[in-house]
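Numbering (this note's numbering), first residue to last: 1 to 156.
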């Protein structure tokens, strides 16, 4: 697997999500501040609801901006042979169900891409699997769940 290409794909996904969410946040802000959305009676809460949506979307935009910056700061360089798994590692696991691929990222856990016909999923150090993988090396085994282990077959 090409680690720089994987990192670029994740960045592209995050940037596309950021662009779409920024547009939505701008629309929500416009709706919340539009003079035409002024309450017509004491039970009309459209403006208040729109302001809650705008605030939530603005917060999510800020989180995505932070995620993009954090991913941009990661190195696409491969780790040295025998290196321990750390933030920015591309890891392949071999389990009874087959091989799976993970990118240990600072944010955006659960984000998926297809790379070279393989699904690669972002996991974070705070996730259960991320905690189990940090510090492991190629050839070591990791308990996925009771009775099921996976072998670390590649660390890039």
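Quick reminder that beta carbons are idealized off the backbone N, C-alpha and C, glycines included.
- Counting only runs of 4+ residues, the alpha helix (DSSP H) found wholly inside the region 53-137 occupies 128-133, in chain order.
- For residue 141, the uninterrupted beta strand (DSSP E) run begins and ends at 141-145, by DSSP.
- When the Cα atoms are used, residue 44 and residue 70 turn out to be separated by approximately 41 Å.
- In this model, residue 103 and residue 18 are separated by some 20 Å (Cα to Cα).
- Contact between residue 105 and residue 122 holds, since their C-beta atoms are separated by about 4 Å, short of 8 Å.
- The continuous stretches of beta strand (DSSP E) do not include residue 42, and DSSP gives it neither H nor E.
- Annotation: residue 38 to residue 24 spans about 20 Å, alpha carbon to alpha carbon.
- The residue among 96, 89, 54, 61 with its C-alpha nearest the C-alpha of residue 143 is 96.
- Between residue 11 and residue 60 a beta carbon distance of about 18 Å is seen, past the 8 Å cut, so the two are scored as non-contacting.
- Cβ-Cβ distances below 7 Å link residue 31 to 37, 50 in the same chain, with the five nearest sequence neighbours on each side left out; the list follows chain order.
- For residue 87, the closest of 132, 114, 118 by C-alpha to C-alpha distance is 132.
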